[in-house]
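Those protein sequences? They're chains A and B, same order as listed.
Sequential numbering from 871 applies to the first sequence in the working numbering.
Sequential numbering from 8 applies to the second sequence in the working numbering.
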Amino acid sequence: MAAPRKRTLTRKPKDGVQTAPLEPPKPFAALDLGASAVRLVIAEGLGENMRVVEEASRGVLIGKDTFTAGRVGQPTVEAVLHALEGFRSIMDTFGVVRYRAVATSALREATNRDTVLDRIRVRTGIDVEVIDGSEENRLTYLAVRESLKSLPQMSTETCLVAEVGGGSADLSTLHAGEPAHSGTYAIGSIRLRQSFAAFQGTPSHFRKLILRHIKNVVDDIRRELPLKDVTQFIALGADARLVGRVISGSEVTTPTSIPRESFLKTCEDIAALDVDTILTTHGVSQAEAETLAPALLVYSELVRATSAAIITVSNATLRHGLIFDLSRSEAGLGIEVFSRQVMASAHAVGEKYNYDAKHARHIASLALRLFDELKSEHGLDARDRLLLEVAALLHDIGLFVNLRAHHKHSQYLISVSEIFGMSRDDLLVVSNIARYHRRGLPQRSHIPYMSLDREAKIVVNKLGAILRLANALDADHQQKVRSVRVRPEDGVIAFEVEGVGDLTMERLALLARSDFFQDAFGRRVIFREVSRGES
Amino acid sequence: MSPKPKSRRRAQDPEIFFNRELSWLSFNSRVLEEVEDTATPLAERAKFVAIVTNNLDEFFMVRVASLKNAIAEGDTAPDSAGLSPLQQLAVVKETAALQLRRLHEISERDIRPGLEGIGLRILDFNELETPLRAGVVRFFKDEVLPVLTPLGIDASRPFPMLPSLSINLAVLFDPETDSGPDPGKPESGPRLGVVPVPAALPRLVRVPGADSTYVRLETVVLSQLGTLFPGQAVRDVAAFRVLRDAELDIDDEGGGDSFLSQVEDEVRGRRRSQVVRLDIDARVSEPLLSQLVSRFPGAEPLIYRITGPLDLRLFFQILGLPALDASRDPRQRAQSTLLPTESADLMAVLSGRDILLHHPYESFDTVIEFVKQAAADPQVLAIKQTLYRPAADSEVVKALVAAAEAGKQVTVVVELTARFDEASNIRWARRLEDAGAHVIYGIRGLKTHAKATLVVRREPQGIRRYVHLSTGNYNEKTSKIYTDIGLLSSDEVLGRDLSAFFNAITGFSDPPAMQRLTMAPMALRIRILSMIDRERRRAEEGQPGLIRGKMNALVDEDIIRALYEASKAGVKIRLNVRGICCLRPGLKGVSENIEVVSIVDRYLEHSRIYHFWNGGDQEHYIASADWMPRNLDRRIELMTRITSKDAVERLNGILDALFEDNQKTRVLDADGTYRRRRPSKGEDPFRVQTRLYDDSKSRADRLRAVPLSLEPIKRDAKA
């Protein structure tokens, strides 16, 4: 991370010296509409200098409605509106204008979500954005990284970051501190509670039933995530923090490490209590007490599936990730700051499908080279560059399914993958770019392409064209091309390619596949082979 | 956040608890001692007479009323001191009678003659020299007669609803001459009449033509009965006054916590009119008294025959007269705590240090200035404040109005039950709302008793919060007569905590975890109990333990029991409890390490200070809450940890001094009596309120001396 930037601001102006008035930092806010609470964080200062100014939360059980009835009921909507009106007033206290409000599964899955979002906007002036699981994971990762900076084992071992929310459990694995796999699974505590709400048996029966369900889901997770390799378990969420508090005797305000057996035992002990006992002995709200047991059962089953000897309970939360993210974007920094983490995660997806890493990396670097060379032609930004890089890396993973039409398989696999930092929309763009690395150009009959909005289509066109050419430059998968420069000339763009050995195949491929490029950039492509130092 | 009326029926333990009503009466008796103390200047004695009268009135209207209600409901359960409501009432009745006698005696024996000695006469109309009477009679005819409404009383009409605290004349007519609408029949005895003395007129009538001579209004009316009832012979007449069930938690330190909260609303409504106490001229005849009493609905009131004038709050009316100037306590001017140059920019001062204010020795102006500067400061974004009984025409309110008009976010949490029907209260709340302030009338069922102001300011380095937290109300008037501690600070943690507090009480957020503040009713009781318990554990491990507390009242059973446990473990506990104290100190094997003292002096001791040794890692607090169930369970209160070195040292010094007093301190014995502490042999007299004033004065003098000599290095000193 960058060094603190604003040191000079804290110095006192010298006597008598007229200094220009300093613009105070503008505070910004993050709002999070979760399954069991609506929360607010206000911060100011950019990047490393960020300071949290204010936090507030109101318990509202959005999830209880959604996971039972599929929609958010009227009283709950009112409670949300009331909470947000209050938050609006708090934001006004600090003169907050810029904010980002996100909603997770409880609203995401509600059939009336658009109505709810509209009512929120009309009543409170707050635009709430529904985010998907991978964006949730990305934001949470930001907070986790911040909170675990002090733990060196994070950077060497395989970690599982687990948060059991109301709607779902969000899991991601970190290799050497970088996110690799991630996934969102429908075993949230409120959802579990509500799914089995109709059950009429004894509490211990009830627990067994839930537990069996959890075990089934954990078995599925095992197939997708290398749980056995996990040696560090990082537990997030209020329920995990309660376990931390019970064991350590104080509120979890910094990451707290707990031996595996002690964590499991405490989870089981608490999960065995009835709701009333939880209420009186643990000082939680009724809502928290009701969902505590299911949540702890999920945590303990997950822990059991890993090889972790230590469970670290972290105080990181989605909203803190959100506010870090905002602070960064206020500083003009976007997702590209996390390109390393994004690419690590993309590689993990590639590995899952046995990709040709050498070829993939080579294509990615060629594509990026072209992207940078063509900067003045395409006018795209660093974020688009990252999309291209991911697409280039994964463009061939469809080979895992079949050689025939593998570009279409690539498209599908990418579109359903979890890649750190990539939203569903991002992945749609990436998968389309990958699809057009070979064969047919976009057509009306291509539904995934047609479902993109106009701007996204243009991005796909430009980046797809670049990827197509980059791929042509490694037509025989030998990585012969060492360097490429692009020279815009009268009506044409000259590709000056420097390589080793015979580049005939590459020349033919480039020219043959320049159709897409000509459409997207309106220029013809010419191939020019140069020898080292000539350009 | 709704309060649960708890029926705290505990195991009675008369060995270790004092009854709270008797403890309160004993406090009142200590105030009476100040009246009886001939060393007390005359004007102060007169003031104390009025205060004691007022305190006793409120005590009857709230506490005695609830005892009577409990009895009427058949409640026989004893309190923790082992007394049933009936037993309590019996002792209360007798003790109060004794105190009323003392009060009226001292008033007739010392105060009135004393006032006459300096030329100020408060007379019965009959005592007035004949030549002066004509002027008073003229006043009666012009001003009083038009507003008088004599009432005839008979079996067919209900007894009139005489307002609580009002003075009236009860008249018994001679049946021979009675020409009223329903002349008393021989079998029902003579007819009764009541003349309410107009409460809208001043109680003391200035006698025209005689400077500094006053007659009591009721004696004037009495002398003119002939005018009121022409042609009717009055057989007997007596002035009386009724006190009714106030049914409200009188929002001062003595009332509240009543059985009332458990009584159904409907039942309460019926009882509203109940007369709790009747004060009547001791010269009243038996027939008149029994006629009168028989007309009151409900249970018979407690009857007190008063020798001399009724309702001695009458001295309030003359306290301000210049004639009394020579008979007052020497004036103590509240001192400034700031360098003369600092008052210009309080925020700048506060960014460098905390300011601990000790009122009334130190000026409340600093607090007003703080709000005013915040209101006028363009960088200030928001001001949030709790207001509980501000003074009429409050400077604080004016500043808040100005801030709201300037477009700042102003949030004021107003206590609804603080006698909100007063026209002035409604007026300033309206003014705030009109100016665009967000006025919140507290949380249902929980009185907002915390005293806090939060200022949010945008500075080049970012948001900065300034806070004021206090043990006393934002009231310029009481800040001159109550001792209170306030803290002004820009500490980040405190600012964040207070911000969270306001979010919680305005309903914007669920109650948060806080670091330097503790809030009632959510956390305060648990926090105090755990700190007491921490001392106990350390003491059991063989470490020294110390708890010091200064408060207005100590009633809470849980806390008292925890203190006993700590005492048993060897923790030294020093308590400075001005009023009610249900803890029994000095009991062998229970509380022998506990010492309880009470200070009653010219200023009402009102600050709450708590100090825990904590194994040497000492913790000091100021709070708006006493250790009473009503503070801990049914009010929004704040306790503030004081952390900055200077403020802690200062607070500790104040606590030290409060325990060192040997002039106005009484020590509570295990048997419940309060003994005056005298200087021991060779010890100098130490009167803490004088000492603290002198200290604040010399500190202010030092500050005033500073700028001349230290001006050149002022900036460094501030940084």
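The C-beta atom is built at its ideal place from N, Cα and C for all residues, glycine as well.
Owing to the predicted nature of the structure, the values given are computational and were not obtained by experimental measurement.
Put residue i into one of helix, strand or coil per three-state DSSP.
i, result
"B/Trp634", "strand"
"A/Cys1137", "helix"
"B/Thr672", "strand"
"A/Ser1118", "helix"
"B/Lys484", "coil"
"B/Val695", "helix"
"A/Leu1373", "coil"
"A/Leu1250", "coil"
"B/Phe24", "strand"
"B/Glu80", "coil"
"B/Met526", "strand"
"B/Ala206", "coil"
"B/Asn583", "strand"
For residue i, which residues of its own chain have a beta-carbon under 6 Å away from its beta-carbon, when the five flanking residues on both sides are left out?
i, result
"B/Leu553", "Lys579 and Trp620"
"A/Arg1255", "Phe1241"
"B/Gly315", "His111 and Glu115"
"B/Met538", "Phe619"
"A/Tyr1319", "Asn1302 and Pro1312"
"B/Pro519", "Ala507"
"A/Asp1389", "none"
"A/Ala1345", "Met1375, Glu1376 and Ala1379"
"A/Val1031", "Val1014, Ser1042 and Ile1104"
State the Cα-Cα distance for the pair residue i and residue j, rounded to the nearest angstrom.
i, j, result
"B/Glu548", "B/Leu407", "52 Å"
"B/Arg27", "B/Tyr628", "25 Å"
"B/Asp624", "B/Gln94", "46 Å"
"B/Asp608", "B/Asn76", "34 Å"
"B/Val584", "B/Arg615", "9 Å"
"B/Thr455", "B/Thr226", "43 Å"
"A/Arg978", "A/Gly933", "10 Å"
"B/Gln324", "B/Arg641", "36 Å"
"A/Ile1180", "A/Ser1127", "6 Å"
"B/Phe247", "B/Arg312", "9 Å"
"A/Glu1131", "B/Thr650", "40 Å"
"A/Val1145", "A/Glu1259", "50 Å"
"A/Phe1290", "A/Val1300", "13 Å"
Which same chain residues, not among the five before or five after residue i, have their C-beta less than 8 Å away from its C-beta?
i, result
"B/Pro692", "Asn669, Gln670 and Pro686"
"A/Val1154", "Leu1112, Ile1148 and Leu1162"
"B/Ala104", "Tyr311"
"A/Thr1150", "none"
Assuming the contact rule is C-beta atoms closer than 8 Å, residue i and residue j should be a hit. Round their C-beta distance to whole Å, please.
i, j, result
"A/Arg1338", "A/Ala1364", "Not quite, the Cβ-Cβ distance comes to about 17 Å (not below 8 Å), so this is no contact."
"A/Leu1283", "A/Asn1302", "Actually they do not touch by this definition, with Cβ atoms about 13 Å apart."
"A/Ala1340", "A/Ala1237", "4 Å"
"A/Leu901", "A/Ile996", "7 Å"
"B/Asp369", "B/Ala341", "The residue you asked about is not Asp; residue 369 of chain B is Glu in the sequence shown. The Cβ separation is near 6 Å, so the contact holds."
Use the C-beta contact count for residue i: other C-beta atoms within 10 angstroms, 16 or more gives buried, fewer gives exposed.
i, result
"A/Thr985", "exposed"
"B/Pro308", "buried"
"A/Thr1161", "buried"
"B/Met646", "buried"
"A/Val967", "exposed"
"A/Leu1378", "exposed"
"A/Phe1419", "Summary: the structure shown does not reach residue 1419 of chain A, with chain A confined to residues 871 through 1405, and so no result is reported for it."
"A/Ser1401", "exposed"
"B/Leu317", "buried"
Which same chain residues end up closer than 7 Å to residue i when comparing Cβ atoms and leaving out the 5 residues on each side of it in sequence?
i, result
"B/Pro203", "Thr156, Leu169, Ser173 and Asn175"
"A/Thr994", "Leu951, Leu954, Glu955 and Arg958"
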